[in-house]
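Peer 1:
Protein chains in written order, with my numbering: chain A, 390 to 451; chain B, 883 to 1212.
1. State buried or exposed for residue 1102 of chain B, treating a residue as buried only when at least 16 other CB atoms are found within 10 Å of its CB.
2. Looking at residue 1130 of chain B: is its Cβ nearer than 8 Å to the Cβ of residue 966 of chain B?
3. List in chain order: all unbroken alpha helix (DSSP H) runs of 4+ residues lying wholly within the region 928-998 of chain B.
4. Tell whether a beta-carbon distance below 8 Å holds between residue 912 of chain B and residue 975 of chain B.
5. Could you tell me which of B:991, B:986 and B:1084 sits nearest to residue 439 of chain A, measuring between CA atoms?
6. Count the other C-beta atoms from every protein chain shown that fall within 10 angstroms of the C-beta of residue 927 of chain B, then say buried if there are 16 or more, exposed otherwise.
7. Is residue 415 of chain A close to chain B, meaning its C-beta is less than 8 Å from at least one C-beta of that chain?
8. Can residue 1029 of chain B and residue 939 of chain B be called in contact, C-beta distance under 8 Å?
9. From the DSSP output, which residues share a beta bridge with residue 1012 of chain B?
10. Counting C-beta neighbours from all protein chains within 10 Å, is the total for residue 1003 of chain B 16 or more, i.e. buried, or is it exposed?
11. Near residue 1189 of chain B, which residues of its chain fall below 6 Å by C-beta distance, leaving aside the five closest residues on each side in sequence?
12. May I ask you to list, following chain order, the residues of the region 429-449 of chain A that have a beta carbon less than 7 Å from some beta carbon of chain B?
13. Threshold first: 3 residues or longer. Then list the beta strand (DSSP E) segments lying entirely within the region 1035-1099 of chain B, N to C.
14. For residue 1199 of chain B, which beta-bridge partners are listed by DSSP?
15. I'd like the span of the beta strand (DSSP E) that includes residue 914 of chain B, first residue to last.
16. Kindly indicate if chain B contains any beta-carbon less than 8 Å away from that of residue 451 of chain A.
17. With 8 Å as the threshold, decide whether the Cβ of residue 976 of chain B is near any Cβ in chain A.
18. Compare the C-beta of residue 983 of chain B with all C-beta atoms of chain A and state if any pair is closer than 8 Å.
19. What residues in the region 940-965 of chain B have a beta carbon less than 7 Å from any beta carbon of chain A?
20. Return helix, strand or coil for residue 1146 of chain B, following the three-state DSSP convention.
21. Which value, in whole angstroms, describes the spacing of the CA atoms of residue 1023 of chain B and residue 1137 of chain B?
22. In whole angstroms, what separates the C-alpha of residue 1081 of chain B from that of residue 1193 of chain B?
23. Under the DSSP definition of a beta bridge, which residues are partnered with residue 924 of chain B?
24. Considering only residues of the same chain and omitting the five flanking positions on each side of residue 937 of chain B, which have a CB-CB separation below 6 Å?
25. Check each candidate in B:914, B:1104, B:1211 and B:1079 and name the one with the smallest Cα separation from residue 1181 of chain B.
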């Protein structure tokens, strides 16, 4: 919305009208991308066991 | 057993007895309160699965040279500033890539890799108590032997429930004072000593490791009480591994342990009357070899993790004098 200042509130890029629920298109897209990225970081993916890596001695101590 | 009050659960696994609000984890980062129930976030999800030699644990008096399937997860209940595995032990489980390995699949994996032993190691296995226990039960059921590599910081009751399935353990005694445990590890000494004695009493084969850190635990005031306790309480035949420190994690300001300190520690242990003393993580003459405590013959020669010669009889008897050495040899 032209003329309105954007600000970030907990990752959401909101316009001055945040309190009334108004979100700019750009802000919405940024928030969507941020949410997708955050979702991707929630849990590291499970890996598949393969014989070669199991047979290799661990670099960790113990 | 967790005690529930107003959505907060108290974990009973280790002496820290964390009181965990809903949605949070205990200090170990593993045990979480989900809807008022205590859950282990690493169950079935080890982040490290490897085949190591038994000597790497280190266990020198338990099936020398045998390959051992070794599992580790994220998390630890201590926070040693010198932790060498901090990338997994001090990490949140959800941040560490892990495998899907339910306990009932462990025996088949061990068999596929030619292993008759399974180790729970790399991080503290007792923070993933339920996973470790269920893997131990599955492995034992398939005729495999279980090994814990642990800091020994666990309460009596869960330990007693686990020990019937455990065959051997290497327990870290990180320093012989409460001050050291508080300042360096964020723990206390007494529970660790209790764990050593409980395991010994229950017939578990135990070896002890002491990482020697310059200026922090390398004085006689630390070595002597440790060795005296080992001699008088654990028994003079229980192997003691002095291990060399290298700078890492939050202790990069200290140098590697001088070899002289390790040799001095070994000498103090000999003077105290301990029979099997090893020096690890360092190239030290005889540091990895096993000697008969009766006649002094060199019965097992090692080069780091490799067995160069094993002259012991299958029952662990010295070929020279017949003395049966402490341990489980075949």
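Every residue, glycine too, gets a C-beta built ideally from N, C-alpha and C.
Fair warning: this is a prediction, and the values are worked out from it, not measured in the lab.
Peer 2: Looking at the coordinates:
1. Reading the second chain from its first residue, position 220 is the one you call residue 1102 of chain B. Label assigned to residue 1102 of chain B: exposed.
2. Indexing the second chain from 1 puts residue 1130 of chain B at position 248. Indexing the second chain from 1 puts residue 966 of chain B at position 84. Yes, Cβ-Cβ distance for residue 1130 of chain B and residue 966 of chain B is below 8 Å.
3. Taken in chain order, the unbroken stretches of alpha helix (DSSP H) that lie wholly in the region 928-998 of chain B and span 4 residues or more are 968-971 and 988-994.
4. Locating residue 912 of chain B in the second chain gives position 30, counting from the first residue. Locating residue 975 of chain B in the second chain gives position 93, counting from the first residue. Yes, Cβ-Cβ distance for residue 912 of chain B and residue 975 of chain B is below 8 Å.
5. The sequence position of residue 439 of chain A within the first chain is 50, counting from 1. Per the C-alpha coordinates, the member of B:991, B:986 and B:1084 positioned closest to residue 439 of chain A is B:991.
6. For the purposes of this step, residue 927 of chain B is identified with residue 45 of the second chain, where counting begins at 1. Classification of residue 927 of chain B: buried, given that the 10 Å Cβ count is 16 or more.
7. Counting from 1 along the first chain, the entry for residue 415 of chain A is found at position 26. Residue-level contact by beta carbon fails for residue 415 of chain A and chain B, as no gap is shorter than 8 Å.
8. Taking the first residue of the second chain as position 1, residue 1029 of chain B is located at position 147. Taking the first residue of the second chain as position 1, residue 939 of chain B is located at position 57. In contact: residue 1029 of chain B and residue 939 of chain B (Cβ atoms closer than 8 Å).
9. The residue labelled residue 1012 of chain B in the question sits at position 130 within the second chain. Note: residue 1012 of chain B sits in no beta bridge, so no partner.
10. As a first step, residue 1003 of chain B must be located in the second chain, where it is residue number 121. It is buried - the Cβ of residue 1003 of chain B has at least 16 other Cβ atoms within 10 Å.
11. Your numbering for residue 1189 of chain B matches position 307 in the second chain. Excluding residues within five positions, the ones whose Cβ falls inside 6 Å are 946 and 947.
12. Cβ contacts with chain B come from 431, 432, 433, 434, 435, 436, 438, 443, 444, 445, 446, 447 and 449.
13. Secondary structure in the region 1035-1099 of chain B: the beta strand (DSSP E) runs of 3 residues or longer, each lying completely within the stretch, are 1050-1054 and 1087-1094 in chain order.
14. Reading the second chain from its first residue, position 317 is the one you call residue 1199 of chain B. DSSP output for residue 1199 of chain B lists B:1206 as bridge partner(s).
15. Along the second chain, one-based indexing puts residue 914 of chain B at 32. Annotation: the continuous beta strand (DSSP E) that includes residue 914 of chain B extends over 913-916.
16. Position 62 of the first chain, counting from 1, holds the residue named residue 451 of chain A. Contacts with chain B at 8 Å (Cβ-Cβ) include residue 451 of chain A.
17. Taking the second chain and counting its residues from 1, the one referred to as residue 976 of chain B is at position 94. Yes, its Cβ sits closer than 8 Å to a Cβ of chain A.
18. On the second chain, residue 983 of chain B is found 101 positions in, with the first residue counted as 1. It does: the Cβ of residue 983 of chain B has a partner Cβ on chain A nearer than 8 Å.
19. Answer in chain order: 952 and 954.
20. Reading the second chain from its first residue, position 264 is the one you call residue 1146 of chain B. In the three-state reduction of the DSSP assignment, residue 1146 of chain B falls in the helix class, which pools H, G and I.
21. If you number the second chain from 1, residue 1023 of chain B lands on position 141. If you number the second chain from 1, residue 1137 of chain B lands on position 255. The straight-line gap from Cα to Cα measures roughly 46 Å.
22. Residue numbering aside, residue 1081 of chain B sits at position 199 when the second chain is read from its first letter. Residue numbering aside, residue 1193 of chain B sits at position 311 when the second chain is read from its first letter. Straight across, the Cα-Cα distance linking residue 1081 of chain B with residue 1193 of chain B is about 28 Å.
23. Residue mapping note: residue 924 of chain B aligns to position 42 of the second chain, counting from 1. As far as DSSP is concerned, residue 924 of chain B takes part in no beta bridge.
24. As a working mapping, residue 937 of chain B is identified with position 55 in the second chain. For residue 937 of chain B, the CB contacts under 6 Å within the same chain, skipping 5 residues up- and downstream, are 1187 in chain order.
25. Locating residue 1181 of chain B in the second chain gives position 299, where the first residue counts as 1. Minimum Cα distance to residue 1181 of chain B is reached at B:1211.
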